[in-house]
Structures are given as structure tokens and as C-alpha cells.
Amino acid sequence: MSDRIPKAVLTEALRDRIKRRRVLAAVFCTFRLEPGFFEQEILPVLFDLPLHQSAGIRRLQLEDALRDLAGQVAVYYDLRGLAVGDGTAALDVRRVAVSPSAGYFHPKNAFVLVVDDVTGERALVVLTASANLTRAGWWENVECFHVEEIAEHGRSRTAPEMQWFVSHLRRLGRHFGPQDALEQVMAFLTTVQPIVHRQADGVLHPHFIVTGVPHARPLVDQLATIAGEWLGGADLEIISPYLDDANASGPLADLLDRFRPARWRILLPEERGTARCREALYHWVHARGGQWGRLPTAHTTRGSRQSGGATVPPRTVHAKVYRFLGPDWEITLVGSFNLTRPAHQGGGNVETGVLAELPGRRRPHFWLDPVEEPPAFPETPATEDEDTAPDVVPLLVRYDWGTGEAEVLWDGTTISPPLQAHYGVPLFDIPPLPPAVWTPLPPAHAESLSQRLRSSSFLTIVAGARRGLVLIHETGMAHRPSLLLDLSPAEILKYWSMLNADQRAAYLAVRGEDVESLAGGDAPPQPVTATTESIFDRFAGTFHGFACFGRAVREALTEGRTEQARFLVFGAKYDSLPVLLQRMVNDASGDPVDRYVMVLCAQQLADQVRRDWPTFWASDPRGAHRLEAALTIRADLRAQITARNDAAMTGFLDWYEPHFLGERAEAPA
């Protein structure tokens, strides 16, 4: 009955639910993480922007878009599931590696807090899925997902259950300090009124099910408590890509004994024609009265051929679906639960799923076609942890761009062995570390990390015979050097004057195509058009650019968007104020009068911020010092101007500067 299987594209489904509303915070959970793919292909779902096809320019546009979400996007992943995939991480995303005390961190969720800027209404869009944050998970495999929306101050059965999970997530990420995105999600959930009843008008309310957290019960017990009166005697269909490496399935036996389905069918996990289970388990299913099944080929065929005409292997089925089928109803569990003992027991893997009754009143049918002939069997069946890194070194590394400091933490229960950090070649040694304590690295080691982070956020950590991959956790991202640092002062002023995100994204796309490192060297040269500007045009452009920039800073500070203001006033991005001043230092060929006026505008803005927002100014002493040091170019530019004019110029500037800056001064004689 393949025509009855619902189909959708994961990214489009999530984007459609966000509905062009502004994102306030986003928390992603995954077992396996490919940081480069996540940033390039999944993060764009959060923004309603025209993004460039070039990966480098698209990342530049996302860097700009993420400023409004500084510190408010986080991804939680299992330390054992980290993969290089499509490259490194480079954007302002909190990358939180977790290691549960028992089992794996295995949920696949997204919690996206959005607001309608017209009505002011907020909502939480929640994705519960089987797909990891990887290319295979979002683009290639057959996966499953459930998306729902919870209104602020509304009513929900799932919200209290989600609070339980988010609280556990906070504990797992405790080593990483403030978890701002998670706190926003938690605060939102507390506004929702819980629905205490399991069903209304005979229809089951959706339930958010969690295992692997304190006091969680086994999955079969939770299912029985929520919907036992419906599930007993119903037909059962299970799609799971992994089974226990055993002659009999304990979790399946628990489901059969508890609910006694009239008929039941289970997916035969396969890879290239070979079953991913023991032959004894295959026969055990038949002995218990069940059937093996396969998804119809229409759902697994890729639809293309490899070079030379070879057939492309079918898509991997990675979905986890438990379907209970009645005469005219269907209750389905969708999420991360494999049919394995660690996934089903209360204290095993951290798992999530949504149990919901699907709309419709006609008799549901099995999705799987029955397997008629026994398959080939491997000597060693695949297991649930086959995608984990072969060696894991439980070291957490973080670098703060604002302070230039780096720290490491040994996430073990005893003192660590001596460690060595590698990036192609050995970088530095780390002496034995106490467990669960952040230990500062020497300044030379921190500087080494700073240099490496400009090209990669991965490190290899060697501990004796083990070599583990580590993803560096970056903070203070306002001070991270921008992906694009070659804008001229005039281009920065032009960028400041742009009115909306679409204009800025389009400008970055055009400007990025001129940068060989971003465009791959294949962008056509842009025609050069000669223009003539009067001094009025130049100064008007300067004043307009600074007026727009100042307005953006004031609005950010007034509205409490402190991190966005930090990007602008103290940051190291292509359009940050210190970068503009540094460009004027480097632009020795420019007119010193033009540069002098720009510096006066910058000084005026810095004085205003220092005076009107002293707490903000004091919150970033390193950034403030860097800005003040950059402003000292004013004296050199003034000397250049007076050197090529007569003595009257000195008197004029003595009068002009304090008037421009709002200081008291006497008129020149």
C-alpha cells in the first residue's frame, strides 16, 4: 500500500512551519553531527533570506544573519557521534558535546522559538525525528519526523513532557556554562498550560516520550500507561534500522507480550542485499508468528545511475516508526527509538519520540511488503553503535575570542592520561587533568588554537593509543575575525546604510563573488566603472553611513540585544567599528581628510555609547581597549592634514574637533 505512505522533505516541512516568522532561539539535538553540513544546509532553514549557491558566500551571509541570534543557536550532540563530513564549523553556534553516564545521547530534535513581528505572538516549533544532523540524515536516507507547534500561553499535552527532557539537556550541558538558547526554550514552555487528560472526544492527545533521563520508565511501560486500552490487540508494524545482535529480540518480545497484536510485521534491515541481523533472529520472528517486510521500492530508489551506467544502491532506511493499527484508527510512535534494548529501557540511551493518533477514519494498512525469500546473512550483523567514532577521547576544548583564552576539561571520572593536541602535526602537550574541571591552557597554546580556528574547528587529541576527534567550542564570536575582511572603508559605510537583511544578503553575495577564496577562483571579473564624487557626496555618504550604524547600535542596546551591539561596536567582523578604523590605518592612499572625518564620526559614536550605556561598555574591557587604541589614528591623520596646509588649519581643527564631538571650545581668532 505504498500510496498510503506520507512523504515530505524534512527541510521544507520545518521551513513551512516556521512560516517566515523571526527566529528568537533554536536548539538542535542529534547523535551524529557533521558540523559543516549543519551550518551550510540546515541552519538556512531558520532564515527567510536569498542565499547564494556558493558555499563560501552562503556562509558569509549566514554569519551576518546570525548576529541577531548571537548565542541563541545551539546544537547538542554525542561526543562519540562527531564526524568531519562536509567540513568544519565557522559560525556562531554553541556546539555542546555531551556524554550520558549510560548509553548514547540519541535524540533527534529541533526546538525553534519564533515570533510574528506583526502580531507579537510567539510559538515553539518542535521537530521530533529519526534523522541525524548529517548529509545522509537530511538528504539521503529514508527518515521519519513529526512537527508540531505550541502557542505561547496555550494548552499542550507535550509541553510538560518536553520540559522534563529540556531540564535533563541542561544537566548534560552543564560544563559549558550559560545555555541561553535552552533557557529561552525552557522559559517558553513554562508559559504553556498542561493538558492533563490523555485524550479528548475519543482521540489521543500527542505525547512526548523520553527515555534515558532520571526516573524514566521503559518504553513499553510508557506506551501501556498512555494508550494501553487502544494498543492491546491492535495490529503492529515496526520500522527500525537496527536490532539487537542476539538470537531473539527482548524489546520486541516485551511489545508482543504486553499488547498481543493480532498481526505484526517488522522491517528487515538490509544493506546491499544482506540482512543486518542474525539468521537465528530472522527465524525467531517467524516462530513468534510475525512477518518480515520491506518498504516498497518506490520509497527507496534513488532515481539515478552512477557513471558507467551502474545501478545506484537503494536509499538506506533509517526511520524509526511503531504503528498500532485498529479497525479505523492508527496510533504511531515516531522518533529515535531503534528496536534495541538500550533504546527501550528507561535508563539506557537518551531517546525521544512522539506518540500520536493520526487523522482519518478508514482502515489503515501495513506499509511494508512481506518478505517471501530468506536473505543472505552477515557473519557479524550491524549494531546500533556502528556509526560511532572508533576512538573517543573525552576532552572538551573551548576558546573565547573575546579574551583570547582557551580551556580544556577532562570529561571522565578519574585523572586523565597525558594528552597531545594535533592538527596534521603535533601542536602542544597537555599534562594530566583532573576530572570535570576547566583548566586554562598557556597563552601560547591558546594562540595556537586561535590560528587553527581560522581554518578548522577540529582537533585530534591523542591519549596513549587512542586518537579522538574534538570539536572546539567557540564563544565571544563577535571578536572572531570575519570570513570576509577586505571591505574598504567606503564599502563598510555603504553596507551600514542598507535598510534590510535582504539588501545586505544581496550585497554580500555580489561582494563575495570578487573574493577568490570564497568563490573558488572562477568568478568572472567585475567591470570597473569610473565615477566622480564631490566632497559633498563623500561627506554625505560618510554621515549617512554612520547615522545608520549609530541607529542600529542604539536600537540593539535599547531592545536588550547586547550581543548584536557587541558585534557592531567591539567586534572583528567586516563591518564592525574597529575593523573600519583598521582599514583606515591600512588605506594609506586614501584622502586623509575623508579618513579624518570618518574617525571623528567613530569617536563621536564611541563617546555616546560609553556615556549612555556604561554597563555595556564595561562588560567588554578587551573590546573597549581595542576600539580606543584604534581611535588613536586620529592624531596621525590630523598631523597629515596640518602638514600640507598653513598654520590656520591647526587653529581651525582646534575649534572644529570639540564642536563636532560635542565638547566646549572657543572660536578661533
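Under our numbering, think of the first position of the sequence shown as 44, with each following residue one higher.
Note that beta-carbon positions come from the ideal geometry of N, C-alpha and C, so glycine has one too.
Bear in mind that the values here come from a model prediction, so they are computed numbers and not experimental data.
(Q) Measuring straight from C-alpha to C-alpha, what distance separates F610 and S97? (A) To locate residue 610, count along the sequence shown from 1; it is residue 567. To locate residue 97, count along the sequence shown from 1; it is residue 54. Rounded to whole angstroms, F610 to S97 spans 25 Å at the Cα level.
Q.
Considering only the alpha carbon of each residue, which of E183, T233, E415 lies closest to Q206?
A. Translated into the one-based positions of the sequence shown, residue 206 becomes position 163. Measuring from the Cα of Q206, the nearest candidate turns out to be T233.
Q: Just mark N152 as buried or exposed, buried being the case when its beta carbon has 16 or more other beta carbons within 10 Å.
A: By 1-based counting over the sequence shown, the position of residue 152 is 109. When all chains shown are included, N152 counts as buried.
Q: Could you tell me which residues DSSP pairs with Y466 in its beta bridges?
A: Within the sequence shown, numbered from 1, the residue matching residue 466 stands at position 423. Looking at the DSSP assignment, Y466 forms a beta bridge with V468.
Q: Verify whether the separation of the beta carbon atoms of A224 and A117 is less than 7 Å.
A: Along the sequence shown, one-based indexing puts residue 224 at 181. Along the sequence shown, one-based indexing puts residue 117 at 74. Cβ distance < 7 Å, so A224 and A117 count as in contact.
Q) Got a sec? Which residues, its chain only, sit under 6 Å from L713 by beta carbon, not counting five neighbours each side? A) There is simply no residue 713 to check, as the chain begins at 44 and stops at 712 in what is shown.
(Q) If the criterion is Cβ atoms closer than 7 Å, does the pair V253 and T162 meet it? (A) Numbered from 1 along the sequence shown, position 210 holds the residue referred to as residue 253. Numbered from 1 along the sequence shown, position 119 holds the residue referred to as residue 162. No.
Q: Using the Cα positions of E576 and V642, report the straight-line distance between them to the nearest angstrom.
A: The residue given as residue 576 occupies position 533 in the sequence shown. The residue given as residue 642 occupies position 599 in the sequence shown. With a pLDDT of 49 at E576, under the threshold of 50, the modelled position of this residue cannot be trusted; read the value that follows with caution. Near 20 Å, if we compare the C-alpha coordinates of V642 and E576.
Q. If you draw a straight line from the alpha carbon of V256 to that of V393, how long is it in whole angstroms?
A. Locating residue 256 in the sequence shown gives position 213, where the first residue counts as 1. Locating residue 393 in the sequence shown gives position 350, where the first residue counts as 1. Straight-line Cα distance between these residues: approximately 6 Å.
Q. Which of helix, strand or coil does DSSP assign to Q96?
A. Numbered from 1 along the sequence shown, position 53 holds the residue referred to as residue 96. Q96 falls in the coil class under three-state DSSP.
Q: Express the C-alpha separation of E700 and D689 in angstroms, rounding to a whole number.
A: The residue you call residue 689 lines up with position 646 of the sequence shown. The residue you call residue 700 lines up with position 657 of the sequence shown. Their Cα atoms are separated by approximately 18 Å.
Q.
Taking the straight line between their C-alpha atoms, what separation do you get for R753 and F420?
A. Past the boundaries of the shown model lies residue 753; the chain is included only from 44 to 712, so the question cannot be answered.
Q: Tell me the start and end of each unbroken beta strand (DSSP E) in the stretch 163-225 that is at least 3 residues and wholly inside, in chain order.
A: 165-172, 188-194
Q: Out of D107, L279, N175, state which residue places its alpha-carbon closest to the alpha-carbon of R75.
A: By one-based count along the sequence shown, residue 75 stands at place 32. The candidate whose alpha carbon is nearest that of R75 is N175.
Q.
Using the three-state DSSP reduction, which class does Q115 fall into: helix, strand or coil?
A. Taking the sequence shown and counting its residues from 1, one reaches residue 115 at position 72. Coil, per DSSP.
Q. Shortest alpha-carbon distance to G508 belongs to which of V468, V480, L514, P460?
A. Within the sequence shown, numbered from 1, the residue matching residue 508 stands at position 465. Correcting the residue identity first, residue 508 is Ala in this sequence and not Gly. The shortest C-alpha separation from A508 is found at P460.
**Q.** Burial state of R337, where buried means 16 or more other Cβ atoms lie within 10 Å
**A.** In the sequence shown, residue 337 corresponds to position 294, counting from 1. Buried.
Q. What separation, rounded to the nearest whole angstrom, lies between the Cα atoms of A590 and C644?
A. Taking the sequence shown and counting its residues from 1, one reaches residue 590 at position 547. Taking the sequence shown and counting its residues from 1, one reaches residue 644 at position 601. Roughly 9 Å between the two C-alpha positions.
Q. Using the beta-carbon count (16 or more within 10 Å), is S500 buried or exposed?
A. Locating residue 500 in the sequence shown gives position 457, counting from the first residue. So S500 ends up on the buried side.
Q. For T400, which residues of its own chain have a beta-carbon under 6 Å away from its beta-carbon, when the five flanking residues on both sides are left out?
A. Residue mapping note: residue 400 aligns to position 357 of the sequence shown, counting from 1. For the sequence presented, residue 400 should be read as Glu rather than Thr. Counting only Cβ-Cβ distances below 6 Å, and skipping sequence neighbours, we find V246, L247, I374.
**Q.** Own chain, CB closer than 6 Å to R308, minus 5 neighbours either side, in chain order
**A.** The residue you call residue 308 lines up with position 265 of the sequence shown. Once the five neighbours on either side are set aside, the close Cβ partners of R308 are E280, Q334, G336, F409, L411.
Q. Would R345 be called buried (16 or more neighbouring beta carbons within 10 Å of its own) or exposed?
A. Against the sequence shown, residue 345 aligns to sequence position 302. So R345 ends up on the exposed side.
Q.
Please report the straight-line C-alpha distance between S379 and G146, rounded to a whole angstrom.
A. Working through the sequence shown from its first residue, we reach residue 379 at position 336. Working through the sequence shown from its first residue, we reach residue 146 at position 103. Each residue's Cα considered, the two are about 14 Å apart.
Q) Of the choices T601, L670, I458, P143, whose alpha-carbon is the least far from that of P621? A) Stepping through the sequence shown from its first residue, residue 621 is reached at position 578. Checked all of T601, L670, I458, P143; the closest Cα to P621 is L670.
Q) Alpha carbon to alpha carbon, how far is Q463 from H488? A) On the sequence shown, position 420 is the one that residue 463 refers to. On the sequence shown, position 445 is the one that residue 488 refers to. Approximately 11 Å, taken between the alpha carbons.
Q. In chain order, which continuous runs of the alpha helix (DSSP H) of length 4 or greater are located wholly inside the stretch 268-320?
A. 293-302
Q.
Quick check on the burial criterion: 16 or more other C-beta atoms within 10 angstroms. Buried or exposed for V558?
A. Mapped onto the sequence shown, residue 558 falls at position 515. Its pLDDT being 48, under 50, V558 is placed unreliably in this model, and the value from its coordinates should be taken loosely. Buried, since its Cβ has 16 or more Cβ neighbours within 10 Å.
Q) Distance, Cα to Cα, R301 vs F219? A) Walking along the sequence shown from the start, residue 301 turns up at place 258. Walking along the sequence shown from the start, residue 219 turns up at place 176. For R301 and F219, the distance between alpha carbons rounds to 42 Å.
Q) CA-CA distance, A194 and A202? A) To locate residue 194, count along the sequence shown from 1; it is residue 151. To locate residue 202, count along the sequence shown from 1; it is residue 159. Between A194 and A202, the C-alpha separation is close to 10 Å.
Q.
Can you give me the C-alpha to C-alpha distance between V52 and I61, rounded to a whole angstrom?
A. Within the sequence shown, residue 52 is the residue found at index 9, counting from 1. Within the sequence shown, residue 61 is the residue found at index 18, counting from 1. Taking the straight line joining both Cα atoms gives about 15 Å.
Q. For W182, which residues of its own chain have a beta-carbon under 7 Å away from its beta-carbon, when the five flanking residues on both sides are left out?
A. Here residue 182 refers to the residue found at position 139 when the sequence shown is read from its first residue. Closer than 7 Å at Cβ, skipping near neighbours: no residue.
Q | Short Cβ contact (7 Å threshold) for R138 with L514 | A | Counting from 1 along the sequence shown, the entry for residue 138 is found at position 95. Counting from 1 along the sequence shown, the entry for residue 514 is found at position 471. Yes, the Cβ-Cβ distance between R138 and L514 is below 7 Å.
Q. Skipping 5 residues on each side, what residues in its chain have a beta carbon closer than 8 Å to that of A277?
A. The sequence position of residue 277 within the sequence shown is 234, counting from 1. Cβ within range, chain order: F302, P304, A305, F367, L368, G369, I374.
Q.
Using only CA atoms, which one of Y466, E490, V480, Q388 lies nearest to R510?
A. The residue labelled residue 510 in the question sits at position 467 within the sequence shown. When only C-alpha atoms are compared, the closest one is Y466.
Q: Give the range of the beta strand (DSSP E) segment to which A69 is assigned.
A: The residue you call residue 69 lines up with position 26 of the sequence shown. Run containing A69: 65-73, per the beta strand (DSSP E) assignment.
Q.
Could you tell me the alpha carbon to alpha carbon distance between V414 and R47, rounded to whole angstroms?
A. On the sequence shown, position 371 is the one that residue 414 refers to. On the sequence shown, position 4 is the one that residue 47 refers to. Near 19 Å, if we compare the C-alpha coordinates of R47 and V414.
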